[in-house]
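What follows is a short report on a single structure.
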DNA sequence: TCTATGTCTATTGTATACAAAAAGCATGGG
DNA sequence: CCCATGCTTTTTGTATACAATAGACATAGA
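Protein chains in written order, with my numbering: chain A, 1 to 224; chain B, 1001 to 1224.
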């Protein structure tokens, strides 16, 4: 097995299980731990310098998060996402982002709208550079901003979760420069609809946005 | 503390953590463990005849399920649901049931439709009796049937989860006989729209259904 | 040679022991 | 009488010890 450099962010004063959880989650989302790879408790515990107990509890949490799959009496493996899974997840995401943007139409203040446009601009600027992680971050911020404006905590939580699950594939997807223009235009369309407070247009715009994302992620999976 | 009669369904050959998890979840959903109540590890472990380890792991799972809340260095307490939480959850549920019923319009076979109508009828018959649990069960089956027809595993999982979370309040809600007629008619409307394969009507019908549920649950909370 | 069985090892599942921190209570000083 | 401080108790957080099982490998018999 490749020697991953997992390392705890020991700075915080949280229960170890939470620190381990965040560490492993990051490792999975960033691809340090690859789909299909086994998570062995003793191994991880030694690497992280803790005992098995917090590692086990972190794995339980990853399991319910859908990031690992438990095989009874065999342990946890990093979850593979199949094309069919991705389609399912993105379909759900579409419905929820639609709800989010509609609520945002009602709730978003002028200031929030300005911030949103600024975020869209940051995203555009990032695309010109080479830093994929920064692009992804800017895009996440754009969507989170809309989401937060809904004030619906459950919606925020579920959408964050879904975004995290597909994060690795989004990253892959951003490598395709051909789609960059479209992405920028789609974000702009969402901003415009929000400015007009048109739930219909905003919903339509974001559904198109997610749909495109779905197609291009699936395409990039096939190429590999 | 009231002496709850928690008991493991030892029949199955699952890891204890899963058995404990299901047991505690049932206890919370059925109200045996009430909102605000503390879950103490040793106590539960002794009651269930296991050690603390599986109990702890079960609690971690309940935590990510939103059924308990962890207070650092204090332990877990059964989650309270506030009116605002309920509104949030039901808003999300509305969007997802809408998606589900639209997909069902596309996918549902004639046989499935017949089964659905049968389920609606069972629900109607249950309402005439006094068995609230049976009513709730019949209603759950009706919605699950639609959900399963979508073939979207993620959607099925999230909706099941949401339904479970509000189960206790639905039960409370079913006690109000005044709403029974409406419920039956709403189910019928959903069936009709599905038969006509009209996504628009089906979506509208189920959104109304969820919206009514929201109102009457919140009302019944205020009365208490 | 192939298969079946037995043993050994690696790894999870479970229990318990130990550490640390928070809450409650009592006692003493102001 | 009230408040603060320290002790005690309760409970979680963490580590480790022990049990059980699945998988691999080897060996023996057909």
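C-beta: ideal position from N, C-alpha, C; glycine also. Since the model is a prediction, treat every value here as computed from it, not as a measurement.
Inter-residue Cα distance where the pair is residue i and residue j
i, j, result
"residue 1139(B)", "residue 1203(B)", "18 Å"
"residue 1020(B)", "residue 1027(B)", "10 Å"
"residue 129(A)", "residue 177(A)", "11 Å"
"residue 189(A)", "residue 1033(B)", "49 Å"
"residue 144(A)", "residue 160(A)", "8 Å"
"residue 167(A)", "residue 122(A)", "19 Å"
"residue 1108(B)", "residue 1201(B)", "16 Å"
"residue 1075(B)", "residue 14(A)", "14 Å"
"residue 1001(B)", "residue 210(A)", "With a pLDDT of 38 at residue 1001(B), under the threshold of 50, the predicted position of this residue should be treated as unreliable, though the coordinate-derived value follows. So the two alpha carbons sit approximately 50 Å from each other."
"residue 1170(B)", "residue 1162(B)", "12 Å"
"residue 135(A)", "residue 1206(B)", "38 Å"
"residue 56(A)", "residue 86(A)", "27 Å"
"residue 1125(B)", "residue 1031(B)", "25 Å"
"residue 78(A)", "residue 41(A)", "13 Å"
"residue 1141(B)", "residue 1193(B)", "18 Å"
"residue 1025(B)", "residue 23(A)", "28 Å"
"residue 16(A)", "residue 52(A)", "11 Å"
"residue 191(A)", "residue 1132(B)", "48 Å"
"residue 100(A)", "residue 1043(B)", "42 Å"
"residue 157(A)", "residue 1158(B)", "12 Å"
"residue 91(A)", "residue 84(A)", "11 Å"
"residue 1175(B)", "residue 72(A)", "42 Å"
Local conformation of residue i per DSSP, three classes
i, result
"residue 963(B)", "Residue 963(B) lies beyond the residue range present for chain B, which begins at 1001 and ends at 1224; the question has no answer from this structure."
"residue 1033(B)", "coil"
"residue 73(A)", "coil"
"residue 251(A)", "Shown here, chain A extends from 1 to 224; a query on residue 251(A) therefore has no answer."
"residue 1038(B)", "strand"
"residue 1001(B)", "The predicted position of residue 1001(B) is uncertain, since its pLDDT is 38 and thus under 50; a value taken from the coordinates is nonetheless stated next. In the structure shown, residue 1001(B) sits in coil (DSSP, three-state: anything other than H, G, I, E or B)."
"residue 1068(B)", "strand"
"residue 78(A)", "strand"
"residue 179(A)", "helix"
"residue 61(A)", "helix"
"residue 1145(B)", "helix"
"residue 1011(B)", "Legend: pLDDT at residue 1011(B) = 45, less than 50; position of this residue unreliable, value from coordinates given subsequently. Here residue 1011(B) sits in coil by DSSP."
"residue 198(A)", "coil"
"residue 1050(B)", "coil"
"residue 1172(B)", "helix"
"residue 1207(B)", "helix"
Same chain, Cβ closer than 8 Å to residue i, five either side skipped, listed in chain order
i, result
"residue 1173(B)", "1179, 1213, 1216, 1217, 1220"
"residue 184(A)", "120, 123, 124, 127"
"residue 1197(B)", "1105, 1106"
Per-residue contacts from residue i into chain B (C-beta, under 8 Å)
i, result
"residue 96(A)", "1092, 1095, 1096"
"residue 57(A)", "1056, 1057, 1060"
"residue 160(A)", "Chain B residues near residue 160(A): none, gap ~13 Å exceeds 8 Å."
Contact set between residue i and chain A, taken where Cβ atoms lie within less than 7 Å
i, result
"residue 1061(B)", "60, 64"
"residue 1067(B)", "Chain A residues near residue 1067(B): none, gap ~11 Å exceeds 7 Å."
"residue 1221(B)", "By Cβ distance, chain A contributes nothing, its closest Cβ being about 17 Å from residue 1221(B), past 7 Å."
Neighbour list for residue i in chain A, Cβ cutoff strictly below 8 Å
i, result
"residue 1155(B)", "88, 91, 92"
"residue 1015(B)", "72"
"residue 1182(B)", "Residues of chain A passing the Cβ test: none, with the nearest at roughly 24 Å."
"residue 1029(B)", "Within 8 Å Cβ-Cβ: nothing; residue 1029(B) doesn't reach chain A, min ~17 Å."
"residue 1125(B)", "In chain order: nothing, as chain A lies at least about 33 Å away."
"residue 1116(B)", "The premise fails here: residue 1116(B) is roughly 21 Å from chain A at the closest Cβ pair, so nothing lies under 8 Å."
"residue 1171(B)", "Correct list: empty, because the minimum Cβ distance to chain A is about 20 Å."
Amino acids of chain A, ordered along the chain, whose beta-carbon sits closer than 9 Å to that of residue i
i, result
"residue 1174(B)", "Within chain A, no residue comes near residue 1174(B); the closest Cβ sits about 23 Å away, beyond 9 Å."
"residue 1044(B)", "Neighbours of residue 1044(B) on chain A: none; closest Cβ ~16 Å, over 9 Å."
"residue 1033(B)", "Within chain A, no residue comes near residue 1033(B); the closest Cβ sits about 19 Å away, beyond 9 Å."
"residue 1048(B)", "Simply none; closest approach about 17 Å."
"residue 1132(B)", "Result: empty, since nearest Cβ-Cβ is about 26 Å, beyond 9 Å."
Contact set between residue i and chain B, taken where Cβ atoms lie within less than 7 Å
i, result
"residue 107(A)", "Under the 7 Å cutoff, chain B gives no residues; its nearest Cβ is about 12 Å from residue 107(A)."
"residue 227(A)", "With chain A covering 1 to 224 only, the question about residue 227(A) has no answer from this structure."
Residues that residue i contacts on chain B, provided the C-beta gap is smaller than 9 Å
i, result
"residue 24(A)", "Within 9 Å Cβ-Cβ: nothing; residue 24(A) doesn't reach chain B, min ~14 Å."
"residue 113(A)", "Chain B residues near residue 113(A): none, gap ~22 Å exceeds 9 Å."
Residues near residue i in its chain [Cβ-Cβ closer than 7 Å; skip 5 each side]
i, result
"residue 1059(B)", "1039, 1068, 1076"
"residue 199(A)", "102, 105"
"residue 80(A)", "35, 36"
"residue 1003(B)", "With a pLDDT of only 45 at residue 1003(B), under the threshold of 50, the placement of this residue in the model should not be trusted; the figure read from the coordinates follows. Correct list: empty, nothing qualifies."
"residue 1011(B)", "In this predicted model, residue 1011(B) has a pLDDT of only 45, less than 50, meaning its place in the structure is not dependable; the value taken from the coordinates is given anyway. There are no such residues."
"residue 164(A)", "29"
Cβ neighbours of residue i in the same chain (closer than 6 Å, five flanking residues each side left out)
i, result
"residue 70(A)", "63, 76"
"residue 186(A)", "209"
Exercise. Taking contact to mean at least 3 C-beta pairs separated by less than 8 Å, is the stretch 41–49 of chain A in contact with the stretch 135–150 of chain A?
Worked result: no
Exercise. At a cut of 8 Å, does the stretch 110–117 of chain A reach the stretch 152–169 of chain A through at least three beta carbon pairs?
Worked result: Inter-segment contact for the stretch 110–117 of chain A and the stretch 152–169 of chain A is absent: fewer than three beta-carbon pairs are separated by less than 8 Å.
Exercise. Should the stretch 1082–1097 of chain B be called in touch with the stretch 94–108 of chain A, which here means at least 3 C-beta pairs below 8 Å?
Worked result: yes
For this session: Report yes or no: do three or more beta-carbon pairs, one from the stretch 61–80 of chain A and one from the stretch 1061–1068 of chain B, lie closer than 8 Å?
Result: yes
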